[in-house]
Amino acid sequence: MNLTIPKKLAIIMDGNGRWAERRGLPRSYGHIKGTRVAKKIILDCAELGVETLALYAFSTENWNRPQQEVNLLMRILNRYLHRETENLVKKNIRFSVVGQLSKLPSDILRAIEHAIDRTSHCSGLHLIFGLSYGGRWEITEACRSIAEKIQSGELKVHQINEKLFEEHLMTPKDFSPDLVIRTSGEIRVSNFLLWQIAYSEFYFTPTLWPDFSKSDLLLAFENYRRRHRRFGLIDSAIVNHDQAASLKVL
Ligand code: FPP
Numbered sequence: 005m006n007l008t009i010p011k012k013l014a015i016i017m018d019g020n021g022r023w024a025e026r027r028g029l030p031r032s033y034g035h036i037k038g039t040r041v042a043k044k045i046i047l048d049c050a051e052l053g054v055e056t057l058a059l060y061a062f063s064t065e066n067w068n069r070p071q072q073e074v075n076l077l078m079r080i081l082n083r084y085l086h087r088e089t090e091n092l093v094k095k096n097i098r099f100s101v102v103g104q105l106s107k108l109p110s111d112i113l114r115a116i117e118h119a120i121d122r123t124s125h126c127s128g129l130h131l132i133f134g135l136s137y138g139g140r141w142e143i144t145e146a147c148r149s150i151a152e153k154i155q156s157g158e159l160k161v162h163q164i165n166e167k168l169f170e171e172h173l174m175t176p177k178d179f180s181p182d183l184v185i186r187t188s189g190e191i192r193v194s195n196f197l198l199w200q201i202a203y204s205e206f207y208f209t210p211t212l213w214p215d216f217s218k219s220d221l222l223l224a225f226e227n228y229r230r231r232h233r234r235f236g237l238i239d240s241a242i243v244n245h246d247q248a249a250s251l252k253v254l
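So this is what it looks like as structure tokens:
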């Protein structure tokens, strides 16, 4: 199989609930199986040479699910962080999060801080969890922060441009995914990384997240290889993916 590995990858892990319901199981089983899959895919991405992987683990909208499901997702997350942090260190994976962290319970915040701290020296895959994350929230916060700086005189209105705006986002600088994968057959973005996906390629698969495997990931990468990324230019201007990825379109 001919592959092109996207340097920056984002995954919307969808379909845990349906996976469980189709088996007559409580939705929690889907989330538990989904977490095992996430663990494997993170390691696969690290081995394959993906540089940054963003996983949508919990959206701002997910707070509106039944309290029992929210509690379970929080417990799963806490357990993942406790069990996996040392493994991340071993695999040289740097962990970080993006999202409205103030809404998270304090035990999870502690586990997150610990994982960030323990993996801060790691130079392999950069793993980013979207937690209590929403693209609209992130953009709104960037606006608020710029407005405050203008109010205090630190910034002038004429200094606002796309580069400056991007610097006020919470995601790492230059994090514009080359490829976004969404599982479960839904063809939508659901408020993930709205600013950052302006020039991303999309891969939608009907596979439910708990069934997603390394071979599905490789299939997505194979499909990505066949895309022509033009970034608004003409075909002959783009030679390969690496050139395309290094283009800064502002
Ligand atoms: C979507 O399935 C998935 C989520 C809301 C949460 C994603 C979380 C995990 C995979 C587990 C946590 C991950 C880590 C890495 C700790 P859904 O419930 O929306 O499924 P449905 O659309 O079929 O109902």
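End of the sequence shown = 254 in my numbering, gap-free, step of one.
Glycine residues also receive a C-beta, built at the ideal position from the N, C-alpha and C atoms.
Small disclaimer: the values here were computed from a predicted structure and weren't measured.
May I ask you to report which of helix, strand or coil DSSP gives residue i?
{"i": "Thr-56", "result": "strand"}
{"i": "Arg-26", "result": "coil"}
{"i": "Lys-11", "result": "coil"}
{"i": "Ser-106", "result": "helix"}
{"i": "Asn-20", "result": "helix"}
{"i": "Ala-202", "result": "coil"}
{"i": "Ser-63", "result": "strand"}
{"i": "Val-93", "result": "helix"}
{"i": "Met-5", "result": "coil"}
{"i": "Val-41", "result": "helix"}
{"i": "Val-74", "result": "helix"}
{"i": "Phe-225", "result": "helix"}
{"i": "Ser-100", "result": "strand"}
Could you check which residue in the options has the C-alpha nearest to that of residue i?
{"i": "Leu-108", "options": "Cys-147, Ile-97, Val-193 and Ser-136", "result": "Ser-136"}
{"i": "Glu-190", "options": "Trp-213, Gln-200, Thr-175 and Ala-202", "result": "Trp-213"}
{"i": "Phe-1", "options": "Arg-192, Ser-194, Glu-145 and Leu-183", "result": "Here the chain comprises residues numbered 5 to 254, so residue 1 is not present and cannot be evaluated."}
{"i": "Ile-14", "options": "Ala-24, Glu-73, Glu-205 and Gly-34", "result": "Checking the sequence shown, residue 14 turns out to be Ala, not Ile. Checked all of Ala-24, Glu-73, Glu-205 and Gly-34; the closest Cα to Ala-14 is Glu-205."}
{"i": "Val-200", "options": "Phe-225, His-172, Ser-106 and Leu-223", "result": "Sequence inspection shows Gln at residue 200; the Val mentioned does not correspond to that position. The shortest C-alpha separation from Gln-200 is found at His-172."}
{"i": "Ile-45", "options": "Leu-221, Gly-236, Asn-165 and Asn-75", "result": "Leu-221"}
{"i": "Gln-72", "options": "Arg-31, Leu-105, Leu-52 and Thr-56", "result": "Arg-31"}
{"i": "Ile-132", "options": "Ser-180, Asn-75 and Lys-153", "result": "Ser-180"}
{"i": "Leu-223", "options": "Gly-236, Leu-237, His-125 and Tyr-207", "result": "Tyr-207"}
{"i": "Val-74", "options": "Gln-104, Tyr-84 and His-35", "result": "His-35"}
Please list, in chain order, all residues of the same chain as residue i whose beta carbon is under 6 Å from its beta carbon, the five residues on each side excluded.
{"i": "Thr-123", "result": "Leu-92, Val-93, Arg-98 and Phe-99"}
{"i": "Lys-218", "result": "Asp-48"}
{"i": "Met-174", "result": "Val-102 and Glu-142"}
{"i": "Lys-37", "result": "Pro-214"}
Which residues in the same chain as residue i place their Cβ atom closer than 7 Å to its Cβ, once the five residues preceding and following it in sequence are excluded?
{"i": "Met-78", "result": "Pro-109 and Ile-112"}
{"i": "Tyr-3", "result": "With the chain covering 5 to 254 only, the question about residue 3 has no answer from this structure."}
{"i": "Ala-42", "result": "Met-17 and Leu-59"}
Please work out which residues of its chain come closer than 8 Å, Cβ to Cβ, to residue i, disregarding the five sequence neighbours upstream and downstream, and give them in chain order.
{"i": "Gly-128", "result": "Ala-50, Lys-95, Asn-96, Ile-97 and Arg-98"}
{"i": "Leu-198", "result": "Gly-139, Arg-140, Glu-142 and Ile-143"}
{"i": "Ile-120", "result": "Phe-99, Ser-100 and Val-101"}
Flag residue i as yes when its Cβ comes closer than 6 Å to any non-hydrogen atom of the ligand SAM, and as no otherwise.
{"i": "Met-17", "result": "Although the ligand SAM was asked about, the structure shown includes only the ligand FPP as ligands."}
What are the uninterrupted segments assigned as alpha helix (DSSP H) that are 4 or more residues long and contained completely in the region 108-190, given in chain order?
110-122, 139-155 and 166-171
Can at least three beta-carbon pairs, one atom from the region 13-24 and one from the region 179-197, be found at a separation below 8 Å?
yes
Measuring CB atoms only, is the region 58-77 touching the region 222-232, in the sense that at least three cross pairs come out at less than 8 Å?
no
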